[in-house]
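Following: one structure in C-alpha cells, then a few remarks.
2 protein chains.
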Amino acid sequence: MTTDELSLVFAALADPTRRAILERLARGDATVNQLAEPFAMSQQAVSKHIKVLEKARLVQRTQVAQSRPCVLDTVRLDAAAGWIAEHRRVWAERYDRLDEHLARLRVGEESR
Amino acid sequence: MTTDELSLVFAALADPTRRAILERLARGDATVNQLAEPFAMSQQAVSKHIKVLEKARLVQRTQVAQSRPCVLDTVRLDAAAGWIAEHRRVWAERYDRLDEHLARLRVGEESR
DNA sequence: AGGTTGTGCAACTGATTGGTTGTGGATATG
DNA sequence: CATATCCACAACCAATCAGTTGCACAACCT
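Chains as they are written, first to last, in full-length UniProt numbering: chain L, 1 to 112; chain B, 1 to 112.
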C-alpha cells in the first residue's frame, strides 16, 4: 500500500460517522438507506461518506437491481493496523515505559 | 478514549508528514528543528503538525532550556490499533473470505 | 550588551471537507 | 403507463486545513 493510500484509509477513519458505518457493516452488509437511517443527515451526505470509504477501499459496492449494497473490505484495515503495530514495535524496542523515559528527561532538565 | 479523541488520532495519522514525524520519533526523541530538517517546508509548518500530534496525544513535549523535544506516546496509538482490531474481529467472525461472500451476494442477485 | 538559536504566535491564502438542496436516472410495483 | 424507491451528480456554503510570511521572545554564546 502506498503512502497516499494509507493516508486515505486514516482520513476515512477520522470521521465518527464513517467509523459508525464501518461498525454497522462489520455486523453485515447494508444498503445506503439502511446505513443512513440512524443518522440525522441526508441520504446524500451518507452517500458521500460511503464514497470516501470506497476510495479508501474500505468498502466495496455491489449492484443488486436498483440497490447498491456495501460490503466491508478488511484488507486496508489490516494494513493500517499494521503500520501502527510496526512503529509501535520500533518504539517498544527502545523504551520499556513512557513514564520511565519522561523521568529520565526531567532529570536532564533539572541538571540545567 | 472518546469518539472525538479517536477521530483526532486517526486525523493526525492521515497526513504523510505527520506519520514521518512519528516514524522519526519512534527511533528517538527529537527537537522541532531536527524533525523539520528532512522536509521541504518551514519550521512553523512542522510546528503546526507537531501541535496536531500533541492534541491527539500522540506526542508529549518536554522542556529542556530553549529546546522542546518531542517524545512519542504510544497509548493512543494502541487505542487506534485496538479499534481496528475489534471491528476486524467482528467481521472475521461472520465471513471467512471476502471473495466467498461476494460470490454469495451474486447468487442472490441472480435469483431475482 | 549584542548576536545567534530554537521556538511559538498571528494573519493571510488556497484547497479540501462536510454538510445542504435540487434534480434526475434506473429499477421495481400498482 | 404512472408512481414510488434507491441512489448519484451538481452547485453551493461555511468551516477547517496546510502551507506561507513576518514577528517576537526566551535562552544561550561571545
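All C-beta atoms in this analysis are idealised placements derived from N, C-alpha and C, irrespective of residue type, glycine included.
Just so we're clear, the structure is a prediction, and the values are computed from it rather than from any experiment.
Do you know how far the Cα of residue j is from the Cα of residue i?
{"i": "L:Ala30", "j": "L:Leu22", "result": "10 Å"}
{"i": "L:Glu109", "j": "B:Asp73", "result": "With a pLDDT of only 45 at L:Glu109, under 50, the local geometry of the prediction cannot be trusted, and the value read off the model is given with reservation. Those two C-alpha atoms are separated by around 19 Å."}
{"i": "B:Ala56", "j": "B:Glu5", "result": "7 Å"}
{"i": "B:Pro16", "j": "L:Ser7", "result": "7 Å"}
{"i": "B:Leu35", "j": "B:Val46", "result": "8 Å"}
{"i": "B:Glu54", "j": "L:Asp78", "result": "25 Å"}
{"i": "L:Ser111", "j": "B:Ala65", "result": "With a pLDDT of 37 at L:Ser111, under the threshold of 50, the predicted position of this residue should be treated as unreliable, and no value is reported."}
{"i": "L:Thr3", "j": "B:Ala20", "result": "10 Å"}
{"i": "L:Arg88", "j": "B:Arg27", "result": "10 Å"}
{"i": "B:Ala11", "j": "L:Ala12", "result": "9 Å"}
{"i": "B:Trp83", "j": "B:Pro38", "result": "32 Å"}
{"i": "L:Arg94", "j": "B:Val90", "result": "33 Å"}
{"i": "L:Ala85", "j": "B:Gln63", "result": "28 Å"}
{"i": "B:Val9", "j": "L:Val9", "result": "13 Å"}
{"i": "L:Met1", "j": "B:Met1", "result": "28 Å"}
Taking the CB atoms as reference points, tell me whether residue i and residue j lie closer together than 8 Å.
{"i": "L:Cys70", "j": "L:Val52", "result": "no"}
{"i": "B:Arg68", "j": "B:Arg76", "result": "no"}
{"i": "L:Ala81", "j": "B:Ala40", "result": "no"}
{"i": "B:His49", "j": "B:Arg18", "result": "yes"}
{"i": "L:Asn33", "j": "L:Gln44", "result": "no"}
{"i": "L:Ala14", "j": "B:Ala14", "result": "yes"}
Just reading off the alpha helix (DSSP H) that residue i is part of, what are its end residues?
{"i": "L:Gln34", "result": "Val32 to Ala36"}
{"i": "L:Leu8", "result": "Thr3 to Leu13"}
{"i": "L:Val90", "result": "Val75 to Arg94"}
{"i": "B:Ala56", "result": "B:Ala56 -> no alpha helix (DSSP H), and no H or E assigned at all."}
{"i": "L:Ala20", "result": "Pro16 to Ala26"}
Could you give the DSSP three-state label for residue i: helix, strand or coil?
{"i": "L:Gly108", "result": "The pLDDT assigned to L:Gly108 is 45, lower than 50, so where the model puts this residue is not dependable, and the model offers no usable value."}
{"i": "L:Ser42", "result": "coil"}
Let's see if you can read the secondary structure: which residues bound the beta strand (DSSP E) around residue i?
{"i": "L:Val59", "result": "Val59 to Arg61"}
{"i": "L:Val71", "result": "Cys70 to Leu72"}
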